[in-house]
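Just below is one structure, and these are the notes that go with it.
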Amino acid sequence: MTAQLSNNPAADIDNGFSFLGLRMTRRDAMGAALFAVAILLLPLLMLPFNGSAPSTVYQIAIFGIFAIGFNILFGLTGYLSFGHAAFVGIGSYAAIWSLKLLTLNIIPALIVGPIAAGLIALPIGWLTLRRSGIYFSILTLAFSIMLFIMAFSVFKDITNGQDGQRTSQFDVRVIDDVFGWNQPVGKTRDEVTAANAALSEWNRELAALKRTNPEINGRPVDWGTLNDFTIKNMQEAGLQISTRPDQLARPSIPEFFGTPMNRGYTNFYICAVVLILTYIFATLLRQSSFGLMLLAVKTNQTRMDYMGLKPKRYTLAAFVISAMFAGLAGALFVAMDPNAPPDRMEWTESGKVVIMNILGGMGSVVGPFIGALIVKYFGNIISSIDVSRLTHTIEETLPFPAFIEWPIAHLPHLFVGEGWELGMGLVFMLMVIFLPGGGVSLWQRWTRRTKRLFLISFGLIYVIYVIDRFLLGNALPGWTMFLPLVAFVVYAIARPILSWRARQAAKRTGGEDPNAGDSAAGKDPAPGSDDSAVADPVAVLTRKPTDPSAPAPASA
Amino acid sequence: MSLLTVNGIKKSFGGLKALNDVNLNVEEGTVHAVIGPNGAGKSTLLHTFVGKLKPDEGAILFNGDAVLGKDPTQINQLGISRVFQTPEIFAELSMLENVMIPALAKEDGTFTINPLGAAMNRRSIRERAEHALEDVGLADKMHGTAANQSRGDKRRLELAMCLVQNPRLLLLDEPTAGMSRTDTNNTIELLQKIHSRGMTKVIIEHDMHVVFSLSTRISVMAQGAVIEEGTPEQIKASARVQEAYLAGNTGEE
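Quick mapping for you: the protein sequence lines, in order, are chains A and B.
Position in the first sequence counted from 1, then plus 1, gives you my numbering.
Position in the second sequence counted from 1, then plus 7, gives you my numbering.
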């Protein structure tokens, strides 16, 4: 009965963690704290994996936000949308126009992006949620492709087509002008105003000239390459255009209260803070009564009708919230790099976020982030591996004749470097077949001993890395530090197979199961049944919402 | 006072007249059983009460409000709860969560967005759900996953999910169908215990033992119409009912 009590989530929340009136179970609070520390240290943690470049880690963070938000719809309600990339695109365009029309400060952009995505998601969700299952997926896919094509046609003025919309120093930026923010360095506000006025006067003059469709030597003027030289040519040809007035160059890089968003790790830490807030929000949502309703939608909508609930409205709310997180991700992309290309809306991007959710483990909060980490790591790092050198090394080292060596040496070509998508696909396929619950369920299946071995082998990577870097001066070849992890993978795969064979043999001889007391690795122990949160911090992160057997922390 | 009034309900499926001019009055505080042979239209009648089926003609009044034209959600919000014959539960969730969902529906209405407050932190809701589970004898299984429970426990859970809403009218669709004798007796005991609270109930049932142990009023249906109505004693004595349905078996042997 004591065990029953400690498994009581209700008791759990009573002595839980409270902040600003928001309450979390102690377990969730620990998970959030652990997650926050891991994210803030991400560039360091990725060092041995050669993935700590700012551009890699900030993309991991943004896709993490997208994936965690997507999980609110997919993981909780079970509705699989194939069109969420459209909302990333909408968030991007809304954010870039906020940077162009309002201010270069990223905060309004980060607010406008999700709001725009949410507003557009509302009617789309209202329509598509009339169907469920595959029909819903197809409808969302259709809508996203429609929006993608409209970005090239109907909305070309807003999106600037294939080139994408960019910020420039000539943008209006009302708020900046009013408050005198983001103006040229060392100039007074009046000087800037005068220069701007002269420039807009000249622009009017230019527009008037354009309307006359002037020609030079019988050929229409090429307005695309308008620079001081071509303007001089036009003046010599007798066209009514004065010299372009000197402009005071305004900045065009988004900034965060004075810090321009062009310094690697500043960018990452802005994204990291948003990611941590997203994680906390998703955790709170999952344990709220709203989150409970979303889980109910997944299981039995009909029953909800007869309980006086409107399941459709809950699903629509989840759809809009997840679209807003997609919009937030899109806005962050623009805040980090002020360019909004239409590629972000393409349906393959929607597929990617689904893959992230399934790889990492849908339903849990941290799973989608792990999926995003894996996919982005493959995308950025594995694709940039120099395969020819790898091939060369293999051919040098292997003592076999060429006809055997060649296929072995060229095998990596298929899966790394340019072929990284095939490698990713292979990992995805294996995962779906053998681990339908994703990476998180793998963790839940392991026994305490296996988990400990995993953490040790993972930690050894860092130990070897530090020793190599600071004591041996990078003397070891790069692959040595992964040996413990490789050894662990071999163990983790071999262990269940061996114990299964042992059990089969025992069954055949009719004897006792030799592994009976051992609850063989990865086979069948109830998820999380044998670990306590204190000994096992990662379990805190990976607990699924509907896992009542997950233990509570050993509380006082 | 009449809580549920059914006036001249008719419903046809193609050429089959499933309900042919049904009239029914359920008095407040009674346990009203609707019995009848297979195909008499009992379940069809129940479906019209909860908004699952729309009758072709007639009117249903609940406490003075028209029930027809409302969807199941609105009807539930009026105070009618239905216990399903095959348990319709949230299989992936814990027993407690299963009962908290209807409790929240009662408290917060059809739709509320409150993504930041912990559900388990709603003390009143939780206590109400725990009491409902205690009432049906599931207190010790509160934190187990619903899918892993026995069939009998699932049906108790189903009942708790309706009881937690404290409905004015509880509709029970064959609460003991497919149960062993022991389980049936347990269920009868449970329902009798609940009856002491004075909740109005409509029971659709085959098992005469159950009907005569529980009900204070009985309507007998045959071929889509109510052929007799009265107290259990009157029904037992009625020659028409004996002839049409009971065939001498009053469950008292």
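Don't be surprised by glycine CBs; every beta carbon is placed ideally from N, CA and C.
Beta-carbon spacing of residue 357(A), residue 118(A) below 8 Å: Your numbering for residue 357(A) matches position 356 in the first sequence. Your numbering for residue 118(A) matches position 117 in the first sequence. No; because the gap between Cβ atoms is not below 8 Å, this pair is not in contact.
Could you name the residues of chain A that residue 84(B) contacts, counting a contact when the two beta carbons are closer than 7 Å? Counting from one through the second sequence, the residue named residue 84(B) turns up at place 77. Correct list: 309.
Please name the residues in the stretch 18-49 of chain A whose beta-carbon is closer than 8 Å to at least one beta-carbon of chain B, in chain order. Residues passing the 8 Å Cβ filter: 23, 24, 25 and 26.
Could you tell me whether the Cβ of residue 127(B) comes closer than 8 Å to any Cβ of chain A? Numbered from 1 along the second sequence, position 120 holds the residue referred to as residue 127(B). Yes, because at least one Cβ of chain A sits closer than 8 Å to the Cβ of residue 127(B).
According to DSSP, simplified to helix, strand and coil, what is residue 395(A)? Here residue 395(A) refers to the residue found at position 394 when the first sequence is read from its first residue. Correct three-state label for residue 395(A): helix.
Selection of the stretch 124-148 of chain B by Cβ proximity to chain A, strictly under 7 Å: Along the stretch 124-148 of chain B, the positions whose C-beta sits under 7 Å from a C-beta of chain A are 124, 125, 126, 127, 128, 129 and 133, read in chain order.
Are the beta-carbon atoms belonging to residue 325(A) and residue 272(A) less than 8 Å from one another? Along the first sequence, one-based indexing puts residue 325(A) at 324. Along the first sequence, one-based indexing puts residue 272(A) at 271. Result no, Cβ atoms of residue 325(A) and residue 272(A) do not sit closer than 8 Å.
Pick from 34(A), 91(A) and 232(A): whose alpha carbon is nearest that of residue 347(A)? Against the first sequence, residue 347(A) aligns to sequence position 346. Among 34(A), 91(A) and 232(A), the Cα nearest to that of residue 347(A) is on 91(A).
What would DSSP say about residue 245(A), mapped onto helix, strand or coil? Here residue 245(A) corresponds to residue number 244 of the first sequence, with the count starting at 1. In the structure shown, residue 245(A) falls within a coil segment according to DSSP collapsed to helix, strand and coil.
If we cut at 8 Å on Cβ distances, does residue 27(B) have a partner in chain A? By 1-based counting over the second sequence, the position of residue 27(B) is 20. No, its Cβ sits nowhere closer than 8 Å to a Cβ of chain A.
Taking 8 Å as the CB-CB limit, is residue 52(A) close to chain B? What you label residue 52(A) is simply residue 51 of the first sequence in a count that begins at 1. No - not a single Cβ of chain B is within 8 Å of the one on residue 52(A).
Pick out the complete alpha helix (DSSP H) segments inside the stretch 327-404 of chain A, 4 residues or longer, and give them in chain order. Entirely contained in the stretch 327-404 of chain A, the alpha helix (DSSP H) runs reaching 4 residues are, in chain order, 348-361, 367-381 and 388-398.
Taking just the CA atoms, how far does residue 182(A) sit from residue 255(A)? If you number the first sequence from 1, residue 255(A) lands on position 254. If you number the first sequence from 1, residue 182(A) lands on position 181. So the alpha carbons of these two residues sit roughly 12 Å apart.
Contiguous alpha helix (DSSP H) assignments of at least 4 residues, all confined to the stretch 131-195 of chain B: The stretch 131-195 of chain B contains these whole alpha helix (DSSP H) runs: 158-170.
Count the CB pairs spanning the stretch 360-369 of chain A and the stretch 426-441 of chain A that are closer than 8 Å, and state whether there are at least three. Taking 8 Å as the limit for Cβ pairs, the verdict is that the stretch 426-441 of chain A does touch the stretch 360-369 of chain A.
According to DSSP, is residue 223(A) part of a helix, a strand, or is it coil? Translated into the one-based positions of the first sequence, residue 223(A) becomes position 222. If DSSP states are grouped into helix, strand and coil, residue 223(A) belongs with coil.
Three-state secondary structure (DSSP) at residue 239(B)? Taking the first residue of the second sequence as position 1, residue 239(B) is located at position 232. For residue 239(B), the three-state secondary structure derived from DSSP is helix.
Residues of the stretch 334-366 of chain A with Cβ closer than 9 Å to any Cβ of chain B, in chain order: Residues of the stretch 334-366 of chain A with a C-beta atom less than 9 Å from some C-beta of chain B do not occur.
Would you please verify whether the beta carbon of residue 294(A) is less than 8 Å from any beta carbon of chain B? Against the first sequence, residue 294(A) aligns to sequence position 293. Yes - at least one Cβ of chain B is within 8 Å of the one on residue 294(A).
DSSP on residue 15(B), reduced to helix/strand/coil? The residue you call residue 15(B) lines up with position 8 of the second sequence. The answer is strand: DSSP assigns residue 15(B) an E or B state.
Taking DSSP as the reference, what is the three-state secondary structure of residue 88(B)? By one-based count along the second sequence, residue 88(B) stands at place 81. Residue state, collapsed to three classes: strand.
When the cut-off is 8 Å and only beta carbons count, does residue 209(B) lie next to chain A? Working through the second sequence from its first residue, we reach residue 209(B) at position 202. By this cut-off, residue 209(B) is not an interface position.
Option in 105(B), 161(B), 238(B) and 234(B) with minimal Cα separation from residue 28(B): Walking along the second sequence from the start, residue 28(B) turns up at place 21. Comparing Cα positions, the closest option is 234(B).
Short CB-CB distance (under 8 Å) between residue 70(B) and chain A: Locating residue 70(B) in the second sequence gives position 63, where the first residue counts as 1. With 8 Å as the cut-off, residue 70(B) does not count as an interface residue toward chain A.
Alpha-carbon spacing of residue 115(A) relative to residue 482(A), whole angstroms: The sequence position of residue 115(A) within the first sequence is 114, counting from 1. The sequence position of residue 482(A) within the first sequence is 481, counting from 1. Between residue 115(A) and residue 482(A), the C-alpha separation is close to 42 Å.
If you count every other CB in all the chains shown that lies within 10 Å of the CB of residue 434(A), and 16 or more means buried, which is it? Residue mapping note: residue 434(A) aligns to position 433 of the first sequence, counting from 1. With fewer than 16 other CB atoms across the displayed protein chains lying within 10 angstroms of its CB, residue 434(A) is exposed.
Nearest-angstrom Cα separation, counted from residue 262(A) out to residue 60(A): Working through the first sequence from its first residue, we reach residue 60(A) at position 59. Working through the first sequence from its first residue, we reach residue 262(A) at position 261. When the Cα atoms are used, residue 60(A) and residue 262(A) turn out to be separated by approximately 14 Å.
Once the 5 residues before and after residue 292(A) are set aside, which same chain residues still bring their CB inside 6 Å of it? In the first sequence, the residue the question calls residue 292(A) occupies position 291. Excluding positions up to five away in sequence, the list reads 286.
Buried versus exposed call for residue 56(A) [16 or more other C-beta atoms within 10 Å across all chains shown]: On the first sequence, residue 56(A) is found 55 positions in, with the first residue counted as 1. With fewer than 16 Cβ atoms within 10 Å of its Cβ, residue 56(A) is classed as exposed.
Opening and closing residue of the alpha helix (DSSP H) in which residue 234(A) lies: As a working note, residue 234(A) is residue 233 in the first sequence. Its alpha helix (DSSP H) spans residues 229-237.
Report the option in 178(B), 192(B), 133(B) and 102(B) whose CA atom is closest to the CA atom of residue 214(B). Taking the second sequence and counting its residues from 1, the one referred to as residue 214(B) is at position 207. Nearest Cα to residue 214(B) within the set 178(B), 192(B), 133(B) and 102(B): 192(B).
In chain A, what lies closer than 9 Å to residue 96(B) by C-beta? Your numbering for residue 96(B) matches position 89 in the second sequence. Within chain A, the residues near residue 96(B) are 300, 301 and 304.
What distance in whole Å lies between the Cβ atoms of residue 88(B) and residue 177(B), which are believed to be in contact at a cut-off of 8 Å? Position 170 of the second sequence, counting from 1, holds the residue named residue 177(B). Position 81 of the second sequence, counting from 1, holds the residue named residue 88(B). Confirmed, about 5 Å.
Rank 49(B), 153(B) and 22(B) by C-alpha distance to the C-alpha of residue 229(B) and give the top, closest one. In the second sequence, counting from the first residue as 1, residue 229(B) sits at position 222. Checking every option, the nearest Cα to that of residue 229(B) belongs to 49(B).
Pair every Cβ in the stretch 209-227 of chain A with every Cβ in the stretch 128-141 of chain A, then say whether three or more of these pairs are closer than 8 Å. Here the stretch 209-227 of chain A does not lie against the stretch 128-141 of chain A, with fewer than 3 beta-carbon pairs under 8 Å apart.
Given residue 190(B), which residues of its chain have a CB within under 8 Å of its CB, disregarding the five upstream and five downstream residues? Taking the second sequence and counting its residues from 1, the one referred to as residue 190(B) is at position 183. Cβ contact annotation for residue 190(B) (same chain, cutoff 8 Å, sequence separation greater than five): 159 and 183, in chain order.
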